[in-house]
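Protein chains in written order, with this note's numbering: chain A, 1 to 436; chain B, 437 to 501.
Before any comments, here is the structure.
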C-alpha cells in the first residue's frame with residue numbers, strides 16, 4: 001500500500017490510523033527477524049500516536065497526506081527519548097533529548113514513527129553488513145545486500161514494514177538501497193532538508209531524503225520534510241521536459257540487463273512525450289575522485305576524537321577513517337576547488353537538458369560478502385562499482401531521484417537515476433510519476 | 437610491509453595505520469588512495485582562478501536566483 005492509497009482509505013474510513021499502524025507492526029514482527037531492517041521498534045508509542053491521530057481525524061483535524069502514515073527513521077536521525085545509535089557501538093547508549101529537525105517536521109505532518117532502521121556502521125559504507133547490529137538482508141534474496149548505508153530503510157519500505165523511511169546520502173546512501181531493494185529514493189538538492197540533529201558523515205556532502213514505494217509518495221514526503229517554497233514548479237506537461245541520455249561513461253562497465261532497462265526507461269519517457277537528447281557528460285571520474293577525497297577527509301576529521309576507541313569500530317569503517325587521515329590538506333582543498341569547476345561544467349550541460357537519465361548502480365545487488373565483481377571481463381571492487389554513478393552528485397549537490405525500472409533475470413531490482421538542476425525536484429517527480 | 441607501499445599521502449602518517457587492520461584492508465587503503473589522489477592531482481594541476489572554496493549551497497543559491 002502506498003501513502004496516497006492509505007490516505008484515501010483513512011479518509012473514507014475504510015481503515016483507521018491504528019489499523020494501518022498495526023498492519024505495519026505485524027509485518028515487522030513477521031519479517032524483521034529474518035531481514036533485520038529495524039534496530040529499535042517503538043510499538044507502544046506508535047499505537048498511542050496512531051490513536052491520537054484517529055481522534056484528530058474524527059474531529060476534523062487533518063494534517064495532510066502524512067496524517068496517520070506509519071514511517072521509520074534511519075537510526076542516525078535523533079529521536080527524542082528513543083535510542084539513536086548511528087549503527088555504531090560508539091553511540092549504542094545515545095538517547096537524544098530532542099528530535100532532529102526533520103523528525104520534528106514529519107511528526108508535525110502527522111506521521112507515526114514505528115521505530116529506527118538499521119544502517120551501515122556510521123553510515124560509512126554501502127553493504128549494511130553491520131558488525132554491531134547484524135547483517136541487513138535484501139528482501140528479494142536474503143543472500144544479497146540491500147545496499148547502504150540506509151539499508152534498513154530500503155528493506156522496510158520494500159516489504160511494507162513502513163510506508164516511508166528516512167535516509168541520508170553522502171555518497172549514494174539513499175539511492176543505492178533504493179536501487180537494490182526496488183523502491184523510490186530521492187537525494188534532494190544539497191541543503192534543502194535540514195541536517196540539524198542528524199549524525200553527520202561528510203559535512204559538505206550530507207543530504208537527507210525519503211525512501212518510499214512510489215514517486216508520488218516521495219513527493220508528499222519531501223513536502224513534509226522541507227520548506228516547499230524553495231523548490232521550483234514542475235513544467236505543466238511532460239512534453240516540455242528534455243531528457244539527456246549520456247553517450248559516455250554511464251553505460252561503460254555496466255551489467256547488460258541494467259543498460260537495457262535504463263535505455264528502455266528513456267524510450268518510455270519519449271513515449272510519454274519527453275524529448276530524449278544524447279549528451280556527452282563532463283568528467284565523472286574527476287567529480288567522483290573529488291567527492292571521495294572530500295568524504296574521506298571530512299569523515300576522518302569528524303571521528304578523529306573517537307580513534308582512541310578504535311576497537312569499538314568495525315574493520316571496514318576503521319580502515320576508511322585511517323585512509324582519510326592520509327589525505328593531505330592540499331588535496332582536500334583542491335578537491336573542493338575542482339568541485340566548483342565541475343559544477344560549472346554540469347550547469348552548462350543542464351542548460352541543454354532538464355534531466356539526466358543514468359543507471360543508479362551499474363549492477364544489481366551483489367551477494368553479502370562479495371568484495372569483487374566481474375563486468376565485461378574486468379574484475380572490479382564492489383564498493384567502488386556500486387557508488388560509481390551516485391557519488392558525484394553529492395559533490396555537485398544536484399537532486400537525484402532513483403526509481404525501479406525493471407528486474408534482472410535473477411529477479412533482482414534495477415534502478416533508474418534521474419538527475420535535475422538544483423531545486424528542481426518537482427520536475428523529477430513529474431517525469432517519474434509519468435513513468436510509473 | 438607498509439614502508440614499501442606507495443601511499444601518496446603525508447609520509448609521516450603512514451605509520452599511523454593501525455597494525456591490527458587486516459592486510460587486505462591496508463592494501464585496499466593504499467590502492468584506492470593511490471588511484472584517487474593521482475587522478476585528483478592530474479585534474480587539479482591547472483585550476484582556474486574562479487576555482488575557490490565557495491560552498492555548494494552558496495552555488496545553488498546563485499543558480500536559484
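Quick reminder that beta carbons are idealized off the backbone N, C-alpha and C, glycines included.
In this text, all values refer to a predicted model and were calculated from it rather than measured experimentally.
Nonlocal neighbours in the same chain, by C-beta distance under 6 Å from residue 345(A), ignoring five residues either side:
The answer, listed in chain order, is 282.
Would you say residue 374(A) faces chain B, with C-beta separation under 8 Å as the test?
no
Does the beta-carbon distance from residue 39(A) to residue 62(A) come in below 8 Å?
Remark: C-beta atoms of residue 39(A) and residue 62(A) do not approach each other more closely than 8 Å.
Short CB-CB distance (under 8 Å) between residue 442(B) and chain A:
Summary for residue 442(B): the model assigns pLDDT 49, below 50, so the residue's position carries little reliability; its value from the coordinates is reported in the next sentence. So no, residue 442(B) is outside the interface.
Cα-Cα separation between residue 100(A) and residue 378(A), rounded to whole angstroms
Between residue 100(A) and residue 378(A), the C-alpha separation is close to 44 Å.
Are there 16 or more other CB atoms within 10 angstroms of the CB of residue 246(A), so buried, or fewer, so exposed?
buried
Given that residue 484(B) touches chain A, what residues does it touch there, using C-beta distances under 8 Å?
Within chain A, the residues near residue 484(B) are 341.
Counting only C-beta atoms, is residue 459(B) closer than 8 Å to chain A at any point?
no
Segment contact flag, the segment 166-177 of chain A with the segment 120-134 of chain A, C-beta cutoff 8 Å, min 3 pairs:
yes
Short of 8 Å Cβ to Cβ, which residues in the segment 281-292 of chain A face chain B?
Those residues of the segment 281-292 of chain A placed with their C-beta closer than 8 Å to a C-beta in chain B are 283, 285, 286, 289, 290, 292, ordered along the chain.
Could you name the residues that DSSP lists as bridge partners for residue 402(A)?
185(A), 417(A)
Quick check on the DSSP output: the beta strand (DSSP E) that includes residue 113(A) runs from which residue to which?
Taken as a continuous stretch (DSSP letters only), the beta strand (DSSP E) holding residue 113(A) covers 112-117.
Tell whether a beta-carbon distance below 8 Å holds between residue 2(A) and residue 214(A).
yes
Per DSSP, which one or two residues make a beta bridge with residue 72(A)?
115(A), 165(A)
Exposure of residue 188(A), with buried meaning 16 or more beta-carbon neighbours within 10 Å
buried
8 Å Cβ cutoff, residue 303(A) in contact with chain B:
no
Output yes or no for whether 8 Å exceeds the beta carbon distance between residue 197(A) and residue 77(A).
yes
Looking only at C-alpha atoms, which of 285(A), 322(A), 370(A), 396(A) sits nearest to residue 339(A)?
396(A)
Is there at least one Cβ from chain A nearer than 8 Å to residue 488(B)'s Cβ?
yes
Determine the direct distance from the alpha carbon of residue 327(A) to that of residue 288(A), and round the result to whole angstroms.
15 Å
Determine the direct distance from the alpha carbon of residue 26(A) to that of residue 475(B), and round the result to whole angstroms.
50 Å
Quick one: give me the first and last residue of the beta strand (DSSP E) that residue 207(A) is part of.
207-212
Comparing the C-beta of residue 336(A) with each C-beta of chain B, is any distance below 8 Å?
yes
With DSSP as the reference, label residue 488(B) as helix, strand or coil.
coil
Name, in chain order, the residues that DSSP records as bridge partners for residue 144(A).
367(A)
Looking at residue 36(A): is its Cβ nearer than 8 Å to the Cβ of residue 231(A)?
no
When the cut-off is 8 Å and only beta carbons count, does residue 315(A) lie next to chain B?
Yes, its Cβ sits closer than 8 Å to a Cβ of chain B.
Cα-Cα, which of 418(A), 118(A), 165(A) is closest to residue 241(A)?
418(A)
So, with DSSP's three-state summary, where would you put residue 104(A)?
If DSSP states are grouped into helix, strand and coil, residue 104(A) belongs with the helices.
Have a look at residue 11(A) and residue 109(A) and give me their C-alpha separation to the nearest angstrom.
16 Å
Less than 8 Å between the beta carbons of residue 165(A) and residue 414(A), yes or no?
no
Determine the direct distance from the alpha carbon of residue 403(A) to that of residue 182(A), and round the result to whole angstroms.
7 Å
Using a C-beta to C-beta distance shorter than 8 Å, which residues of chain D count as neighbours of residue 323(A)?
Note that chain D does not occur in the displayed structure, where the protein chains are A and B.
Nonlocal neighbours in the same chain, by C-beta distance under 7 Å from residue 42(A), ignoring five residues either side
82, 113, 114, 115
Between the C-alpha atoms of residue 95(A) and residue 79(A), what's the straight-line distance to the nearest angstrom?
8 Å
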